[in-house]
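Before any comments, here is the structure.
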Amino acid sequence: MNDKHLIKPWFAILLLMQLVVAGIAIATDIIYFKIGVAGLGIIALMYAHKHHLNKVLDVWVVAIAFGASMVGDCFLSSMNGNSSMFMIGIAFYLLAHIGYLLFSVLNGIIKRGLTVGILIAFLIFYFLALYPSIPDKLLALIVLFYLVVSCVSVGAAFGIKACPKVKWPFVIGIALVLFSDTIISLKEFVKYNSLDFMILPTYYLAQIGITLGLYYKSLRKEMHL
-6 MNDKHLIKPW FAILLLMQLV VAGIAIATDI IYFKIGVAGL GIIALMYAHK HHLNKVLDVW
54 VVAIAFGASM VGDCFLSSMN GNSSMFMIGI AFYLLAHIGY LLFSVLNGII KRGLTVGILI
114 AFLIFYFLAL YPSIPDKLLA LIVLFYLVVS CVSVGAAFGI KACPKVKWPF VIGIALVLFS
174 DTIISLKEFV KYNSLDFMIL PTYYLAQIGI TLGLYYKSLR KEMHL
């Protein structure tokens, strides 16, 4: 079997570290561990693509997206009911989604039919469940824009033109981010807490999936060096 199709030892170690850090973050809620999964993802992406960093704009935008999500984590972990902190955190998560969207667009096309279908479903959810529960209209507008970008990001992920090992971990990761964000919106605005236990596991699995997909992208580049 061609060893370029296998996970290399250094990446396996980083992947295991991501899983361990995610587990500790879920158990302790300590911010250093909460941002650690994305931080390890950045390290993995930079090392995996180290021989051609000047040629992988798409990888850079995902690394920046991970960085933005880390900042967002810091703000949301420190908000203590402060709506301004929440809005700033959401703004950084929005930057992360834009980064994921750019990666998808740089590697494929937006699946219009799928995107429209997802948008319709989530707009109905927004106007029926979320909007009536958000007293701050600026926040309501930010959440709406965030929702639209998130849905388009999922539709674009499905349009990526890449081998399955690159595409599907990324697609699953982006879908899990949207799922996690949906649960957060239910918690913060509708005060529905029954699914709270799924927020962090799905969020960290999303980051791990995205990291895995872009790692396999580096292997395909090695095969063409």
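Counting from -6, one number per residue, gives the positions in the sequence shown under the working numbering.
Every residue gets a Cβ at the ideal spot worked out from N, C-alpha and C, and that includes glycine.
**Prompt:** Of the choices K27, L112, M39, G101, whose alpha-carbon is the least far from that of V141?
**Reply:** For the purposes of this step, residue 141 is taken as the residue at position 148 of the sequence shown. When only C-alpha atoms are compared, the closest one is L112.
**Prompt:** Looking only at C-alpha atoms, which of Y208, I117, P194, G152 sits nearest to V170?
**Reply:** Locating residue 170 in the sequence shown gives position 177, counting from the first residue. Of the candidates Y208, I117, P194, G152, the one whose C-alpha sits nearest the C-alpha of V170 is P194.
**Own chain residues within Cβ distance below 8 Å of V183, not counting five before or after** = Locating residue 183 in the sequence shown gives position 190, counting from the first residue. A122, L123, S126, listed in sequence order.
**Prompt:** Starting from F139 and walking both ways along the alpha helix (DSSP H), at which residues does that stretch end?
**Reply:** Mapped onto the sequence shown, residue 139 falls at position 146. Just to set this straight, residue 139 is Tyr in the shown sequence, not Phe. Residue range 130 to 151 is occupied by the alpha helix (DSSP H) that includes Y139.
**Item:** Sequence-distant residues of its chain with Cβ nearer than 8 Å to F68 (five each side left out)
**Value:** Here residue 68 is taken as the residue at index 75 of the sequence shown, counted from 1. Same-chain partners within the cutoff: M78, F79, I81, G82, F85.
**Asked** Roughly how many angstroms separate the alpha carbons of F163 and L207, rounded to a whole number?
**Response** Residue 163 sits at position 170 when you count from the first residue of the sequence shown. Residue 207 sits at position 214 when you count from the first residue of the sequence shown. Spanning the two alpha carbons is a distance of roughly 8 Å.
**Reduced DSSP secondary structure (H/G/I, E/B, other) of G206** = Stepping through the sequence shown from its first residue, residue 206 is reached at position 213. Of the three classes helix, strand and coil, the one that applies to G206 here is helix, per DSSP.
**Message:** Check for me: the alpha helix (DSSP H) holding D174 runs from which residue to which?
**Reply:** The sequence position of residue 174 within the sequence shown is 181, counting from 1. Taken as a continuous stretch (DSSP letters only), the alpha helix (DSSP H) holding D174 covers 157 to 178.
**Close beta carbons around K154, own chain, < 6 Å, minus the five adjacent residues each side** = Reading the sequence shown from its first residue, position 161 is the one you call residue 154. Answer for K154: G101, listed in chain order.
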